[in-house]
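Numbering (the working numbering), first residue to last: 74 to 939. The C-beta atom is built at its ideal place from N, Cα and C for all residues, glycine as well. Heads up: the structure comes next, in structure tokens.
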């Protein structure tokens with residue numbers, strides 16, 4: 074296999090909020106290097122190109138590189154202009170996290186403190202994660218596992234059939250190598266496909282050591298038989314199922330209760346879900362979930378939905394509910410099992426690094442939408458590139474040439490070594506819709522042609538005509554990929570330094586359990602805020618509040634309720650937090666989630682100020698204690714309220730004596746993560762709080778002005794690679810099917826396995842040639858498929874066998890695309906021999922399929938039946 078002449082990468086410098094600030098690229102000699110690429114050069118490959126551009130340093134190139142180091146695990150660089158007036162220095166970025174910007178200068182101003190970072194480079198033209206190359210059939214292992222408790226029995230039969238039907242429909246849509254296994258958790262359902270337990274399969278079929286299994290054996294625990302250990306089952310299947318090495322891995326879990334032993338969602342379920350997610354991610358298993366009919370209370374149902382959805386989302390799967398149709402499952406299966414692409418070939422030329430790749434126009438252009446597509450060789454390597462632009466935004470209507478009702482195509486270019494470069498005027502036909510892509514190109518004198526069809530998001534389409542001056546190369550098995558949206562160029566322009574207004578509310582759980590930490594936290598948070606304020610100009614307002622109580626000798630000297638009622642003038646009837654009273658065995662000074670809701674909705678946030686809440690607690694978010702379903706539901710409401718009010722929530726989990734500490738940490742972290750905040754624990758020092766505060770309150774530039782320039786299809790866009798030369802086209806093959814004497818004569822026999830009515834795989838190409846001849850010869854109005862046998866067996870048996878064989882061939886041609894009314898079938902058994910049945914050769918000659926033209930009519934341009 075040949076190697077590429079050069080390898081290119083792109084990298085980005087991003088702002089503290091994750092938006093792009095600068096873009097860069099570089100190219101080195103040879104294929105992707107295993108060793109380090111460095112400047113000054115060492116033993117690795119030579120760096121041949123580098124460009125970088127951002128609004129501060131402008132555009133820098135290879136001659137401006139002072140130091141550079143790129144290896145499999147780290148990336149660092151130092152750039153500066155010849156007069157040292159601008160500089161960018163950053164490192165060390167890894168695949169796991171960006172590297173800090175150590176110097177970012179323009180003239181006499183240093184902008185290093187603005188929190189930007191350098192991302193690890195990505196290969197140019199890299200396929201998205203999980204995407205393969207072209208041509209092979211995807212291998213998929215799918216395990217359907219059901220909670221085998223009594224509560225799932227009413228749904229088990231229906232689910233078994235529904236899922237199987239969806240799988241069969243998905244199989245028919247595309248080629249696949251799919252293995253499906255139906256299992257029950259510590260039990261089975263008779264009359265369904267769930268006829269083997271997870272434990273039995275892993276021990277007896279996969280050879281797992283039972284001592285290593287996490288699932289609990291079928292016995293009475295925690296008041297019920299453990300047929301609901303969904304989280305543990307996912308762990309065991311991820312670790313011990315006999316996954317095929319090359320196969321994509323998926324588990325579809327069906328249940329109706331908590332993931333750790335059933336019942337309501339509690340701390341154990343959260344921990345069990347976390348472990349299941351971590352194990353599945355490590356084993357590269359996607360988990361899809363189905364939450365069936367449940368008798369849970371509304372808040373419990375909300376928690377169940379959330380946990381089932383979280384397991385699916387964090388493992389790359391999809392979640393389904395009994396209230397939703399499982400039709401989406403069929404679409405999900407189709408996307409998973411359809412014929413995928415082989416791994417990208419090392420020989421495919423990468424996009425080169427150039428100045429245009431890192432720079433872009435600053436002015437927006439008229440609204441258009443552009444797409445790029447590729448033609449791949451049989452080995453998956455890049456053979457040709459194309460692009461097109463149409464008016465307006467992405468359209469649900471088909472984009473066609475000649476134009477129909479969809480948007481107008483304004484630009485088109487395609488280039489490869491056979492047809493050269495073709496443009497819009499060379500497009501004879503084009504059809505692009507959400508599920509299909511086809512095109513036909515030819516130059517004005519029709520000396521070069523390209524025709525391809527059948528491309529979809531799931532699989533490439535076939536190139537059926539590929540003709541250049543040296544002949545037709547269509548037989549070399551190239552394919553066209555479904556077009557991808559061409560991302561626009563984004564230019565970010567920074568403004569002048571401003572000092573942001575920030576409102577920060579520090580709210581503490583005022584229960585007795587937090588008293589010991591309250592004084593220290595008050596001083597620590599106050600010190601961090603003061604230190605941050607001394608580092609930079611700021612416009613910060615801090616408010617310290619306690620939930621239904623206060624702590625003397627601390628800054629927490631006002632309750633949330635008093636502040637909102639007396640200082641803000643909120644309507645108490647609208648507050649979600651419960652008053653200080655005895656409920657559920659304890660005083661509600663731990664209503665953290667409700668407090669976040671109330672502060673988000675009713676605090677007197679200053680207009681234009683950034684909004685932040687720092688919540689300090691040590692128990693569940695809905696009245697304290699362990700995490701339960703109500704806490705998860707309350708956290709969801711808090712997140713929704715904070716996001717709606719544009720409030721970031723930071724959390725601190727103090728020293729806690731409640732059970733399920735891991736679940737508590739997970740929920741506190743989730744509230745912070747999903748609102749854009751940060752989470753701290755008593756085990757994790759609050760020293761990071763000062764840095765977080767500085768990034769929020771320090772003087773900074775206003776939101777950058779982002780200018781988006783749409784990609785415009787052009788000749789240079791498709792000629793920026795070395796087009797590989799194809800091998801010579803093969804000599805034309807003789808026709809495999811000819812019209813002769815009122816019949817279609819095949820040069821090879823259509824053969825069947827003994828006593829079978831379906832043709833052997835070796836005969837399918839013969840039938841495909843029959844299909845092609847019928848497709849092009851529309852003058853054949855009616856064709857009869859006749860099947861014959863030898864004299865082995867009874868007359869009745871042979872008559873039935875021949876009829877079934879003829880019918881099978883007819884159905885095959887119909888499925889290929891021939892209209893039913895053009896075909897009829899008949900079986901003649903042993904009644905019409907053409908040779909003696911006394912010899913093996915004679916009997917072989919008598920076993921045959923004939924294609925007899927029954928009705929013939931000259932074709933007309935308006936009538937081309939299929």
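Within the same chain, and ignoring the five residues on either side of residue 112 in sequence, the residues whose Cβ sits closer than 7 Å to its Cβ are 120, 138, 140 and 141. Restricted to the stretch 295-334, the alpha helix (DSSP H) segments that are unbroken, complete and at least 4 residues in length are 303-313, listed in chain order.
Under the 8 Å Cβ criterion, the stretch 884-891 does not count as touching the stretch 911-923, having fewer than three qualifying pairs. Its Cα nearest to that of residue 828, the residue 866 stands out among 515, 866, 806 and 546. Excluding sequence positions up to five before and after residue 195, its CB lies within less than 8 Å of the CB of 82, 83 and 84, all in the same chain and listed in chain order. Between residue 849 and residue 890, the alpha-carbon positions lie close to 12 Å from each other.
Judged by DSSP in its simplified three-state form, residue 346 adopts helix.
Between residue 233 and residue 266, the gap from beta carbon to beta carbon is short of 7 Å. Taking residue 575 as reference, the option from 217, 685, 700 and 853 with the minimal CA-CA separation is 685.
By alpha-carbon distance to residue 864, the top candidate from 904, 838, 618 and 314 is 904. Counting every other CB atom within 10 Å of its CB across the protein chains shown gives residue 522 a total of 16 or more, marking it as buried.
A check of alpha carbon separations from residue 441 across 431, 463, 593 and 428 identifies 463 as the nearest. Taking each of 532, 110, 218 and 483 in turn and checking the Cα distance to residue 496, the smallest one comes out for 483. Here DSSP, grouped into helix, strand and coil, assigns residue 516 to coil. Checking the DSSP bridge columns, you'll see residue 615 partnered with 577. For residue 668, the CB contacts under 6 Å within the same chain, skipping 5 residues up- and downstream, are 580, 620, 633 and 650 in chain order. Under the DSSP definition of a beta bridge, residue 854 lacks any partner.
Assigned with DSSP and collapsed to three states, residue 102 falls in strand. Residue 503 places its beta carbon 7 Å or farther from that of residue 578. Considering only 873, 844 and 394, the residue with the shortest C-alpha distance to residue 895 is 844. Proximity to residue 175 across 190, 259 and 169 peaks at 190, based on C-alpha coordinates. Separation of residue 269 and residue 217 (C-alpha to C-alpha, rounded to the nearest whole angstrom) is 11 Å.
For residue 915, the enclosing alpha helix (DSSP H) begins and ends at 913-919. Look at residue 863 here: in three-state DSSP terms it is coil, with no helix or strand label.
Taking the CA atoms as reference points, residue 753 sits about 15 Å from residue 693.
Here residue 356 has 311 as same chain residues with Cβ atoms under 6 Å from its own Cβ, once five neighbours each way along the sequence are excluded.
In the displayed model, residue 465 falls within coil according to three-state DSSP, outside both helix and strand.
Distance from the CA of residue 173 to the CA of residue 254, rounded to the nearest whole angstrom, comes to 48 Å. In the three-state scheme derived from DSSP, where H, G and I count as helix and E and B as strand, residue 692 is classed as coil.
Distance from the CA atom of residue 351 to the CA atom of residue 245, rounded to whole angstroms, is 34 Å. Distance from the CA atom of residue 301 to the CA atom of residue 110, rounded to whole angstroms, is 53 Å. Judged by DSSP in its simplified three-state form, residue 88 adopts coil rather than helix or strand. Counting the other Cβ atoms within 10 Å of the Cβ of residue 518 gives fewer than 16, which makes it exposed. Contact between residue 922 and residue 858 holds, with the beta-carbon distance rounding to 7 Å and staying under 8 Å.
Closest in alpha carbon position to residue 588, among 544, 727 and 566, is 727. DSSP, read as helix, strand or coil, puts residue 457 in strand.
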